[in-house]
Structures are given as C-alpha cells and as structure tokens.
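The structure appears below as structure tokens.
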C-alpha cells in the first residue's frame, strides 16, 4: 500500500474518508455474518410448489436417515412409489419461532414454502383456531384409521380432520449414569447435590412445568393459574439458587455430552439416541409422579395449492402405513402413533418390538399426562411468566 | 446522450437510497407502528390493534431494566477488552510485521470465513466441562473443582470480545498504518523517549481508529443475543434475548418493538455523547 506522505488538510480528509470506508466494510462483514445467521433459520421459500412436488418442514433428526447414502430411505421409497418429488426441510426447530416466521404470510394467504408442517399439539391447536390449515380429503388418506385410539380425538381436532400425529413425545428425566448411578425418578433426585449447577430443563413450557407440577401432585389436565405460577416460581428459585444451568431446546443433548449437564428434564427419543450413541452413558425415565406426553402433528397449511395439498395427503397417508411407520420409529425412537407398527417392527428391528420408548405399555402410558389446552389469554400470560423465570 | 452534470450525483445516490428506503425506512416505520399496539380483546395469540399505547415503552423499559443495564455493561467490557487486545496487535501488524503484514491481516479477517454462530458454538465446546480448558485449569488449581466457565458472564463477555475483535483491529490498523513514521522520528529528535513519543504522537494520531473500532464493537455488542444465548445462563440474559423471547416465545410484538426502539435510542444517545467527547470530526 502506497504511503501517504503529505499531511495537508486535503490529504487528511481523504484518509479520513478511507478510514470510514474501511470501517463500513468491516461493518458490512458483521452484517454479512448476521445475515448468515438469519439465513440459517430461514426456510427456503424459493422452492416453489409445483404439481409433482411436496414440501415438508419437520423437526431435526425426526426421520430415518442413512448416513452412507445421505438420504432418507422411507422418503426415497415414497418418491419411487408415487413419482412425486419430496422436498424435506429440517427447519422446524421451535414451535414459536416457526410460527413467528410464517405467520405474516399465513395471514396474507401467501405461500409459506411448505405443504406439510409438523407443529406440536398446542401449536396445532393455534393453527386450527386461526384457520391456517386445510381439512384432509378423507379419500386420499385411507390409512388415517391406523391412528392409535388414545390419539384419535384430541380436543383441538376431535375427528382428526386436519391433523394426524407424526410422533408422540414423552418428557421425563434424563441423566448421566456415572453421576447418578441410582438414576433419577423423583424431583428430589433431580435436584440432588451432585447435579447442582448442571441441570438443564426444556424450553417447552408444558413439558418442564408439567413435570414439576406432576411432582407437586397437580393434575395437569386441570391445572389452575395459581398452581402453574407456583411451579414457575419453583423453577425461578432453582435458577436463582444456581441449580438450573439453562433452559434449552434440543441443545440440552449437547450439554449432556459435553458434561455441562448431568441431569435434565428431556425428551425420550433424544435420550434414547444419546444413550445408544454413548454406550449407555445416559438414561431416561418417566418420573414416578408422572411425565408429560404430547404429539407433533402433520398438517397442511392453508396456503398450500390444490396440487400441493393432494401430494401432502399422499405423503401423510404413506407414513400411516404400519410398515413405513415402524421403519421411521426404529430410527427416531419416539412413540409411534400407528396401529400395527408394533407387529411390523418384528421384521424391521425385532429388538425394538418391546421398546417402552416406541410402544409404551399400558402401565407406562397410565403415567403419562397431557397438559390441558390454554386460552389465548392464558397462553400469553403463562408463557410470559415462564420466560421471565428464565431471565427473559 | 448526456445528463446534465448536476444531476449525476443524485442519480448515483438512487440505488442506495432505494435500498435503504425498502429495507430500513419501511421496516422502521412498521416497527414504530407495532410498538404502540395492544392485544385485541378476545383475539388470538399474536393479534394486535393500534391504540397508540405509548405506555408500552415505559412498561417495557421498567420490566427489563436489569437486562438493559447488563447489555451495556457487557458491551462496555467487551469493547474495553477488545481494545486492550487489538491495540498491540494492530500496532505490531502496522509497524513491526515486515513481510508478514499481509498474512497477519488475513489471519485477523480469517474468522469471518466461518459463521458467527458456529464460532460461538465452538467456544461452548472448548469451554465446556469436557473440553481441555476446564480440566486443565482445575488440575493446575487455578479454578476450583466446582467452578465452570460456560453459563457464566465471563463466558459471555469473552465470547463477545472474541467475536468483535476484528471490528476493533481493522480500523485501529488502518489508522496506525497511515501514521507517518517521520512524525515519530521527529518526536525522538525533540528528545522524547519511546514512551513519550507513543503517548504524545502515536496515540493521538491513532484516535480516529480507536473511535471507529470502539463504535464498531460496542454497537453490535450491545444488541447481541447470540453469545448470551449460547454461552450464558438465565442469569446473564441481555436485552437482545428479551426481544427474541418477546417476539418468538410470548408473541408479544408490541413489547418487542418498543424494546428495540428503546435500545436503538439508547445506543444512539450514548454514541452521540461519545463522539462529541472524542471530537473526531474526521470520522463523522
């Protein structure tokens, strides 16, 4: 770079401009990074929905995946069988976040870039209330009858006209076996001295507060505001006293592997995968006082085109085939919502036929509870309290 | 065909203005409108109507004073640490690096080749219980067995310092590099020793770089939420985290908008005071 030898005012002002231009460039670098960051979370809505395509937004690690071929085997089979192209996006990371991203388009009736989305029960209820979904054409989804009886008539969609469960999720205690050799079955065992400062709980309010409420002897199918706020205060106190290290989504799994967390309120499927990837270093149990169960639901957004809707129905129907459902369950290890999948599992992975994670027995199922649905006012007020307890 | 000369500068401004109007002015207006809305009675989550509720601002500020204060304290600390680290670095690159100058500059910028988010997550692994730092420090008895690094304010400030270091280094380098070495020689000729020459000549001449660097670090650091979200705990939440939670979790757009405006105003005021005090007419 040529040195500027003159110190005349003109030269100084030129150099001054250069500096600020450089500064601007450096600033632009930062903006670029922020942009990248934003792009990470963004759905690629540019992938338009044409007649032979179905676009599905789902949670990460929620579909059978073959590491060698880098494909989703059941999805590949779907494409061969039907001649449709399935575009699969693992970008449903958080119910609130996803809703925040697509809400404006849903309101305006503009394509949100997905023909199938996978919201959790309470969020599915919100989509339905707001009219952001389309009813299935029953003729296109004959396999609908395969849904487990226990899931067949939720309060938000009593006849399953617009939603079908993708997977059921149990929330309970997960722990590091070395640090908790006796396991964790009660809230007191979770808050045992060896876990102080190394407990992580879920950002999913209904699961974290649900498990706490159950331990306090509250029926979460009828929980009142006072009871709820009590449980939130309990959590806030545990945070303030340094017991709880963080309130997180799926990232609690990283904390367990990095040793930053030794005990968590977590999800069954995650814990199963963690445990099998780390040679039994982790374990999971439904608390003695009970755990929560919820479901993620396949739904068709109101903005899907007629073709997109039909293809989405074909896809949903395909995944309600017991053999296909079993194949998915053998990978994701969440509660399988499809009747007949347990029998089909015999051929796919016989060791999983009796897995409590995938096919909970009556006894386990009796300890699982569904958090009651909230009114919009409650939803705002309760989640505000839950956020405040986490320092937000 | 030729344009009247006088119009050319305005035409040149057009693309920039159109861009800023679409992607800055319009969203800001939208944000301002949102900030004074209140929930529709009996409406669903996320449905708001305009009622010009300016009380939103007061409520939002009062509810989140703590996180506001924390944001500015963390950002100030990160800026100071970045300056302390970057000044000698930029000085060495500008005056002492010889033929390695370009390589060193590339190294300063190199972190930008990876996403901001990934780098922060990497720090979480490095500072984690089973990374090499914590067990190392423990076995050397520098920290106690119970002390952890992640989920602390130390980790958040360190993450911010690291992430914004290039923003501090580059402007500092730019202003140090253009200092005429003859001015320093002249100071020596006038019997100034090394320290005095540095204090009386180098530092004042590099001040524009210091001002640019501190602004480029402080402004994004004050609004940052990634470091607090990834490296922090519920006790280290910054205002950016609150805005995120208000927007996405509680679906309380008016409060999120009011907080954003308050943050922008606070930064603007602080920066204006700072620039006035620093008196760098060269920069602005």
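Protein chains in written order, with our numbering: chain A, 2 to 393; chain B, 54 to 337. We put the CB at the ideal spot given by N, CA and C, even for glycine.
Which ranges does the alpha helix (DSSP H) cover as unbroken runs of at least 4 residues, wholly within the segment 129 to 196 of chain B, from first to last along the chain?
-> 154 to 162, 169 to 180 and 186 to 192
Uninterrupted beta strand (DSSP E) stretches inside the segment 252 to 296 of chain A (no shorter than 3 residues) | If we require 3 residues or more, the beta strand (DSSP E) runs fully inside the segment 252 to 296 of chain A come out as 264 to 268 and 283 to 286.
Could you have a look at residue 135 of chain A and say whether DSSP puts it in helix, strand or coil?
-> Residue numbering aside, residue 135 of chain A sits at position 134 when the first chain is read from its first letter. Reduced to three states, the DSSP call for residue 135 of chain A is coil.
With a cut-off of 8 Å, does the C-beta of residue 287 of chain B fall near any C-beta of chain A?
-> For the purposes of this step, residue 287 of chain B is identified with residue 234 of the second chain, where counting begins at 1. By this cut-off, residue 287 of chain B is an interface position.
4 or more residues per run - each alpha helix (DSSP H) lying fully within the segment 94 to 146 of chain A | 96 to 109 and 122 to 130
Show which residues of chain A have a CB atom less than 9 Å away from the CB atom of residue 90 of chain B.
-> For the purposes of this step, residue 90 of chain B is taken as residue 37 along the second chain, with counting starting at 1. Within chain A, no residue comes near residue 90 of chain B; the closest Cβ sits about 14 Å away, beyond 9 Å.
Give me the Cα-Cα distance between residue 335 of chain A and residue 142 of chain B, rounded to the nearest whole angstrom.
-> Residue numbering aside, residue 335 of chain A sits at position 334 when the first chain is read from its first letter. Residue numbering aside, residue 142 of chain B sits at position 89 when the second chain is read from its first letter. When rounded, the distance between both Cα atoms is 52 Å.
Buried or exposed: residue 98 of chain B, going by 16 or more other Cβ atoms within 10 Å of its Cβ?
-> The residue labelled residue 98 of chain B in the question sits at position 45 within the second chain. Burial call: buried.
Under a CB-based cut-off of 8 Å, is residue 393 of chain A close to chain C?
-> Given the protein chain composition of this structure (A and B), no chain C is represented.
Taking the runs of the alpha helix (DSSP H) that are 4 residues or longer, which of them lie wholly in the segment 299 to 332 of chain B?
-> 306 to 331
Flag residue 238 of chain B as yes if its beta-carbon sits less than 8 Å from any beta-carbon of chain A, otherwise no.
-> For the purposes of this step, residue 238 of chain B is taken as residue 185 along the second chain, with counting starting at 1. Chain A places no beta carbon closer than 8 Å to that of residue 238 of chain B, leaving this residue out of the contacts.
What whole-angstrom Cβ distance do residue 316 of chain A and residue 55 of chain A have, given they're in contact under 8 Å?
-> Working through the first chain from its first residue, we reach residue 316 of chain A at position 315. Working through the first chain from its first residue, we reach residue 55 of chain A at position 54. Yes, they are in contact, since the Cβ atoms of residue 316 of chain A and residue 55 of chain A sit about 5 Å apart, within 8 Å.
Sorted by chain position, which residues of the same chain lie with C-beta nearer than 7 Å to residue 325 of chain A's C-beta, five sequence neighbours on each side aside?
-> For the purposes of this step, residue 325 of chain A is taken as residue 324 along the first chain, with counting starting at 1. Taken in chain order, the residues that qualify are 75 and 319.
Nearest chain A C-beta to residue 305 of chain B closer than 8 Å, yes or no?
-> The count along the second chain starts at 1 and reaches residue 305 of chain B at position 252. Chain A contact via Cβ: present.
Report all residues from its chain with a CB closer than 6 Å to the CB of residue 331 of chain B; omit the five preceding and five following residues, and keep chain order.
-> Taking the first residue of the second chain as position 1, residue 331 of chain B is located at position 278. Here the set comprises 264.
Which ranges would you report for the beta strand (DSSP E) in the segment 150 to 184 of chain A if only whole runs of at least 3 residues count?
-> 164 to 177
Contained beta strand (DSSP E) runs [length at least 3] in the segment 61 to 117 of chain B, N- to C-terminal order = 90 to 92 and 101 to 103
What are the boundary residues of the alpha helix (DSSP H) that includes residue 227 of chain B?
-> Position 174 of the second chain, counted from the first residue, corresponds to residue 227 of chain B. Looking at the DSSP string, the run of the alpha helix (DSSP H) that includes residue 227 of chain B is 206 to 230.
Step through the CB atoms of chain A and report whether any lies within less than 8 Å of the CB of residue 203 of chain B.
-> Along the second chain, read from residue 1 onward, the residue named residue 203 of chain B stands at position 150. So yes, residue 203 of chain B belongs to the interface.
Segment contact flag, the segment 266 to 286 of chain A with the segment 201 to 221 of chain A, C-beta cutoff 8 Å, min 3 pairs = yes
Which residues in chain B sit within 8 Å of residue 119 of chain A, going by Cβ to Cβ distance?
-> Within the first chain, the letter at position 118 stands for residue 119 of chain A. Neighbours of residue 119 of chain A on chain B: none; closest Cβ ~17 Å, over 8 Å.
Could you tell me which residues DSSP puts in a beta bridge with residue 476 of chain A?
-> Since the first residue shown for chain A is 2 and the last is 393, residue 476 of chain A is missing from the structure and cannot be characterised.
Buried or exposed: residue 194 of chain B, going by 16 or more other Cβ atoms within 10 Å of its Cβ?
-> Sequence index remark: in the second chain, residue 194 of chain B carries index 141 (1-based). Answer is exposed; the Cβ neighbour count stays below 16.
Following the continuous beta strand (DSSP E) through residue 203 of chain A, name the residue where it begins and the one where it ends.
-> Taking the first chain and counting its residues from 1, one reaches residue 203 of chain A at position 202. Where residue 203 of chain A is concerned, the enclosing beta strand (DSSP E) stretches over 200 to 203.
At 8 Å on the CB atoms, spell out the chain B contacts of residue 248 of chain A, in chain order.
-> Here residue 248 of chain A is taken as the residue at index 247 of the first chain, counted from 1. Going along chain B in sequence order, the residues near residue 248 of chain A (Cβ under 8 Å) are 287.
Which residue comes first and which comes last in the alpha helix (DSSP H) that contains residue 333 of chain A?
-> As a working mapping, residue 333 of chain A is identified with position 332 in the first chain. Where residue 333 of chain A is concerned, the enclosing alpha helix (DSSP H) stretches over 323 to 333.
Out of B/226, B/288, B/312 and B/133, which has the shortest C-alpha to C-alpha gap to residue 297 of chain B?
-> Position 244 of the second chain, counted from the start, is the residue given in the question as residue 297 of chain B. Checked all of B/226, B/288, B/312 and B/133; the closest Cα to residue 297 of chain B is B/312.
Say whether the segment 249 to 269 of chain B touches the segment 122 to 131 of chain B, bearing in mind that this needs 3 or more beta-carbon pairs closer than 8 Å, one atom from each stretch.
-> They do not touch, by the three-pair rule.
Between the CA atoms of residue 235 of chain A and residue 77 of chain B - distance to the nearest angstrom = Here residue 77 of chain B corresponds to residue number 24 of the second chain, with the count starting at 1. Here residue 235 of chain A corresponds to residue number 234 of the first chain, with the count starting at 1. One C-alpha to the other measures close to 43 Å.
Please check if any C-beta of chain B sits within less than 8 Å of the C-beta of residue 49 of chain A.
-> As a working note, residue 49 of chain A is residue 48 in the first chain. With a pLDDT of only 49 at residue 49 of chain A, under 50, the local geometry of the prediction cannot be trusted, and no value is derived from it.
Between the C-alpha atoms of residue 306 of chain B and residue 99 of chain A, what's the straight-line distance to the nearest angstrom?
-> Within the second chain, numbered from 1, the residue matching residue 306 of chain B stands at position 253. Within the first chain, numbered from 1, the residue matching residue 99 of chain A stands at position 98. Each residue's Cα considered, the two are about 15 Å apart.
Would the beta-carbon of residue 373 of chain A fall within 8 Å of that of residue 293 of chain A?
-> For the purposes of this step, residue 373 of chain A is taken as residue 372 along the first chain, with counting starting at 1. For the purposes of this step, residue 293 of chain A is taken as residue 292 along the first chain, with counting starting at 1. Not a contact, by the Cβ cut-off of 8 Å.
Give a yes or no on whether the C-beta atoms belonging to residue 209 of chain B and residue 158 of chain B are separated by under 8 Å.
-> The residue you call residue 209 of chain B lines up with position 156 of the second chain. The residue you call residue 158 of chain B lines up with position 105 of the second chain. No, Cβ-Cβ distance for residue 209 of chain B and residue 158 of chain B is not below 8 Å.
For residue 58 of chain A, which option in A/79, A/88 and A/385 has the closest C-alpha, if you only look at C-alpha atoms?
-> As a first step, residue 58 of chain A must be located in the first chain, where it is residue number 57. Cα-wise, what sits closest to residue 58 of chain A is A/88.
Short check: CB of residue 292 of chain B to CB of residue 121 of chain B, under 8 Å?
-> Within the second chain, the letter at position 239 stands for residue 292 of chain B. Within the second chain, the letter at position 68 stands for residue 121 of chain B. The answer is yes: Cβ separation under 8 Å.
Tell me whether residue 264 of chain B sits in a helix, a strand or coil according to DSSP, three-state version.
-> As a position in the second chain, residue 264 of chain B is number 211, starting the count at 1. Looking at residue 264 of chain B - three-state DSSP - the assignment turns out to be helix.
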